[in-house]
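Peer 1: Top to bottom, those sequences are chains E and Z.
The first sequence: position 222 = 222 (the numbering used here), numbered continuously.
The second sequence: position 172 = 1172 (the numbering used here), numbered continuously.
Here it is, the structure in full.
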Amino acid sequence: MANKRKKDWGAYLYLMPTVVILVAFHVLPIFYSLAVSFYEWDLIGQPEYVGVGNYSRLFDDPMFYKSLWNTVYYAAVSVPLSIFFSLIIAMLLNNPISAIGLYRTIYFIPVITSINAVAIVWNFIYHPDFGLLNKILAIFSIDPRAWLQDPTWAMPAIIFMSVWKGLGHNVIIFLAGLQNIPRHLYEAARIDGASRWQQFRHITWPLLSPTTFFIFTISTIGSFQVFSQVYMMTPRGGPLKSTMVVVYYLYRKAFEQFEFGYALAAAFVLFMIIFACTLFNKLYLEKKVHYS
Amino acid sequence: MFKFKHPEYVPVHVLLIIGSIFMLFPFIWMIATSFKSQDEILTTSKSIVLLPDLARPSFLNGEEETARIERKKEEAKAWEAEQAKPQAERNKKIQAPFHWFDNYLFALKAQPFYRFFLNTIFVTLTVTTVSLFFASLAAYAFAFFNFPFKNTLFMMMLGTMMLPQQALLIPNYIFLSKLGWVNTYMALIVPWLASAYSVFFLRQFFLQLPKDLFEAATIDGCTRFQFYYKVVLPLSIPSMVTLGIFSFLANWNSFVWPLIVTNDTSLRVIQVGLSYFSSEAGTRWGPLMAASTMTILPLVIGYFLAQKQFVESQATTGMKE
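So this is what it looks like as structure tokens:
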């Protein structure tokens, strides 16, 4: 029986469409791009082999370091902020209250809308003269600012908008995690006289840590790949290149300056950084995660 | 709307409502602005005015459109002349007639958005249905058959999920340009017909189906493909719907890939069209907000409609267990 199954090549009829497309567009391109990163190529002329030339050029490129720093800044601020606020909202939603479905829908709307349309709306909200934000600040007599044109504020403005956009996604995942925590633990803690903070500190936070870990890992990977909002809200990398992130940098190198080899070298360096971060999360942070 | 059976939860509601306002306000402001004239947007700069001026004529007449635009041009000239006058006289500004949907008409005229919509609907529906079909076939094989290199293939598929998308953009662009597919529907559709995520998702579901059902059916002379479309598919409709919604959303909102593989106006999808319109319209916020509303609204309405379906499908699967 086992022998007969071993020769079951017929299964490949079912697998063929998926496997062919995945290999052609998702597996081979990785090896291909690794190869091209050792060449200088504008896609039209002959590729010229430069060895590790692209990589050594990259490590001497101040704009690459700047874009790397901006990306780290984006990730280091947006990920904790998003986790903080989504956890609070999820904990509020985890009460036996009415209209839960409505709240869930409302908080999820920014997630389903496209980043481009939303970026246009926020461009307007941040507008120095007619923007909503400055109007609201004027009520508290705070001076208006040109948020997206100011090198200090452009990145915080993009981070704020991104946190707003992604919040609902994390809320739903946190909510699922919270609902898995057995209710009787809280009841027992209340009988023992534990305060709300103690309940959070000793029950919710440790038991929720697998969910928090999952969200942290996924959001970190995603935030290192940030592109669309930067492209839409601060064209050309923003004031004094203060919002030039790595993916935008390699997009420009490839599709505006046609340095494909160089851009791919940048893509691989980014990939290695993401991979290293994920590995660090897995090896170091996951030790602190409480799996029941 | 809310029944406060438990007064101790009032603060929770208050906080959640403040949060909801914060989540929704950008959309409300977007829709409100999309109905305002440029004048209104600029003159109300000192205060937050949500509602457009309701006293404006709100009828629409397509035939008189060109005549009206001519009239508007003259009025714009008159307005410029007015600007030269002293402040006191300028305050009695000429009210240019502005119709409710003028911003939408402006956007639709500046860019062929209807074409972008058709492209997006065509691409999204094709990719969603075909990729669901392909993924369910592959997941069926992974769940029910034993074949050579099964584990190797499965690990390879999971591996593709971990690779960053941007590392794929450039080589795929090069590959597509070799195939001559740049600026074709093929480029927008074919690479996304396979989804490792969907295969993984459906495989997990198929594995929950009783294996002896498969054994019994094959003994009764049911072919493997018959079992697939007569038993497996009908049983997995809820998870297919869920996956279909995810896939539809992802494809409708996909931006970077279509931006790179198409530059022909007639092939643009809605997201790319919106991005071009945004750089073209500059500071014409009314039309920009109208275009954004047109992009967002179909999805939000669809989400509200599907939400019910979604919850119901989850409820029925819950009852079967």
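Yeah, the Cβ is synthetic: ideal placement off N, Cα and C, and Gly gets one too.
Between the Cα of tyrosine 1303 of chain Z and the Cα atoms of Z:Gly1244, Z:Ser1278, Z:Tyr1104, Z:Ile1270, which residue gives the shortest distance?
Peer 2: Tyrosine 1303 of chain Z has its Cα closest to that of Z:Gly1244, out of Z:Gly1244, Z:Ser1278, Z:Tyr1104, Z:Ile1270.
Peer 1: Report yes or no: is there a C-beta of chain E within less than 8 Å of the C-beta of phenylalanine 1154 of chain Z?
Peer 2: No, because no Cβ of chain E sits closer than 8 Å to the Cβ of phenylalanine 1154 of chain Z.
Peer 1: Using 8 Å as the limit for Cβ to Cβ distance, is glycine 1221 of chain Z near chain E?
Peer 2: Not one chain E Cβ lies under 8 Å of glycine 1221 of chain Z.
Peer 1: Ignoring anything shorter than 3 residues, give me the beta strand (DSSP E) runs that lie fully in the segment 179-223 of chain E, in order along the chain.
Peer 2: Counting whole runs of 3 or more residues, the segment 179-223 of chain E contains no beta strand (DSSP E) stretch at all.
Peer 1: Glycine 177 of chain E and valine 111 of chain E: beta carbons closer than 8 Å?
Peer 2: No. Outside cutoff.
Peer 1: With DSSP as the reference, identify every bridge partner of tyrosine 49 of chain E, one or two as the case may be.
Peer 2: Tyrosine 49 of chain E is bridged to E:Tyr39.
Peer 1: With the cut-off set at 8 Å, would you say glutamate 40 of chain E and glycine 238 of chain E are in Cβ contact?
Peer 2: The answer is no: Cβ separation not under 8 Å.
Peer 1: On the three-pair Cβ rule with 8 Å, is the segment 1213-1227 of chain Z touching the segment 1120-1136 of chain Z?
Peer 2: The segment 1213-1227 of chain Z is not in contact with the segment 1120-1136 of chain Z.
Peer 1: Answer with buried or exposed for phenylalanine 31 of chain E, where buried requires no fewer than 16 other C-beta atoms within 10 angstroms of its C-beta.
Peer 2: With fewer than 16 Cβ atoms within 10 Å of its Cβ, phenylalanine 31 of chain E is classed as exposed.
Peer 1: Under 7 Å from any heavy atom of the ligand HEM, does the C-beta of threonine 71 of chain E make it?
Peer 2: Of the ligands one can find in the structure shown there are none, so the ligand HEM has no counterpart to examine.
Peer 1: Could you tell me the alpha carbon to alpha carbon distance between alanine 1194 of chain Z and threonine 1120 of chain Z, rounded to whole angstroms?
Peer 2: Between alanine 1194 of chain Z and threonine 1120 of chain Z, the C-alpha separation is close to 18 Å.
Peer 1: So what does DSSP say about histidine 1099 of chain Z, is it helix, strand or coil?
Peer 2: Correct three-state label for histidine 1099 of chain Z: coil.
Peer 1: When the cut-off is 8 Å and only beta carbons count, does tryptophan 1257 of chain Z lie next to chain E?
Peer 2: Chain E, which has no Cβ nearer than 8 Å to the Cβ of tryptophan 1257 of chain Z, makes this no.
Peer 1: Where leucine 137 of chain E and tryptophan 122 of chain E are concerned, what is the direct C-alpha to C-alpha distance, given to the nearest angstrom?
Peer 2: Approximately 16 Å between the Cα atoms of the pair.
Peer 1: On the three-pair Cβ rule with 8 Å, is the segment 75-91 of chain E touching the segment 156-176 of chain E?
Peer 2: Enough Cβ pairs lie closer than 8 Å, so yes.
Peer 1: Three or more C-beta pairs under 8 Å: does that hold for the segment 1024-1044 of chain Z against the segment 1275-1289 of chain Z?
Peer 2: At 8 Å Cβ cutoff, the stretches touch.
Peer 1: Run through DSSP, which three-state label would tyrosine 284 of chain E get?
Peer 2: Coil.
Peer 1: So, is the C-beta of asparagine 3 of chain E closer than 8 Å to a C-beta in chain Z?
Peer 2: Confidence at asparagine 3 of chain E is low in this model, with a pLDDT of 45, below 50, so its placement is unreliable and the value that follows should be read with caution. With 8 Å as the cut-off, asparagine 3 of chain E does not count as an interface residue toward chain Z.
Peer 1: Where do the N-terminal and C-terminal ends of the alpha helix (DSSP H) with histidine 127 of chain E fall, by residue?
Peer 2: Element bounds for histidine 127 of chain E: n/a, residue is neither H nor E.
Peer 1: Drop a sphere of 10 angstroms on the beta-carbon of proline 151 of chain E, count the other beta-carbons inside from all chains shown, and report buried for 16 or more, exposed for fewer.
Peer 2: That one is exposed.
Peer 1: Buried or exposed for isoleucine 158 of chain E, please, with buried defined as at least 16 other CB atoms from any protein chain shown within 10 angstroms of its CB.
Peer 2: Isoleucine 158 of chain E comes out buried.
Peer 1: Can you tell me where the alpha helix (DSSP H) with histidine 26 of chain E in it begins and where it stops?
Peer 2: Segment: none, histidine 26 of chain E is in no alpha helix (DSSP H) and carries neither H nor E.
Peer 1: Give the C-beta separation of serine 228 of chain E and isoleucine 89 of chain E to the nearest angstrom, bearing in mind that I take them to be a contact with Cβ-Cβ under 8 Å.
Peer 2: Actually they do not touch by this definition, with Cβ atoms about 24 Å apart.
Peer 1: Show which residues of chain Z have a CB atom less than 9 Å away from the CB atom of proline 206 of chain E.
Peer 2: Those do not exist, as proline 206 of chain E stays about 23 Å from chain Z at its closest Cβ, beyond 9 Å.
Peer 1: Could you round the C-beta distance between asparagine 1251 of chain Z and tryptophan 1192 of chain Z to whole angstroms and report it? I think they count as a contact, below 8 Å.
Peer 2: Confirmed, Cβ separation roughly 7 Å.
Peer 1: Along the alpha helix (DSSP H) that carries proline 80 of chain E, what are the first and last residues, could you check?
Peer 2: Unbroken alpha helix (DSSP H) run through proline 80 of chain E: 62-93.
Peer 1: Are there 16 or more other CB atoms within 10 angstroms of the CB of threonine 71 of chain E, so buried, or fewer, so exposed?
Peer 2: The residue in question, threonine 71 of chain E, is buried, as its Cβ has 16 or more Cβ neighbours within 10 Å.
Peer 1: Measure the alpha-carbon distance for proline 1171 of chain Z versus tyrosine 251 of chain E and round it to whole angstroms.
Peer 2: Taking the straight line from one Cα to the other gives about 13 Å.
Peer 1: Starting from the C-beta of tryptophan 153 of chain E, find all residues in its chain whose C-beta is less than 7 Å away, skip the five residues before and the five after it, and write them out in chain order.
Peer 2: These residues qualify, in order along the chain: Arg145, Trp147.
Peer 1: Between serine 1247 of chain Z and chain E, is the shortest Cβ-Cβ distance under 8 Å, so that the two count as touching?
Peer 2: No, its Cβ sits nowhere closer than 8 Å to a Cβ of chain E.
Peer 1: Is isoleucine 1028 of chain Z close to chain E, meaning its C-beta is less than 8 Å from at least one C-beta of that chain?
Peer 2: Chain E, which has no Cβ nearer than 8 Å to the Cβ of isoleucine 1028 of chain Z, makes this no.
Peer 1: Determine, using beta carbons only, whether serine 78 of chain E and serine 162 of chain E come nearer to each other than 8 Å.
Peer 2: Cβ atoms of serine 78 of chain E and serine 162 of chain E: closer than 8 Å.
Peer 1: Once the 5 residues before and after glutamine 322 of chain E are set aside, which same chain residues still bring their CB inside 8 Å of it?
Peer 2: Because chain E here runs from 1 to 292, residue 322 of chain E falls outside it and cannot be looked at.
Peer 1: How about leucine 87 of chain E and phenylalanine 174 of chain E: do their beta carbons lie closer than 8 Å?
Peer 2: Against a cut-off of 8 Å, the Cβ pair of phenylalanine 174 of chain E and leucine 87 of chain E comes out as a contact.
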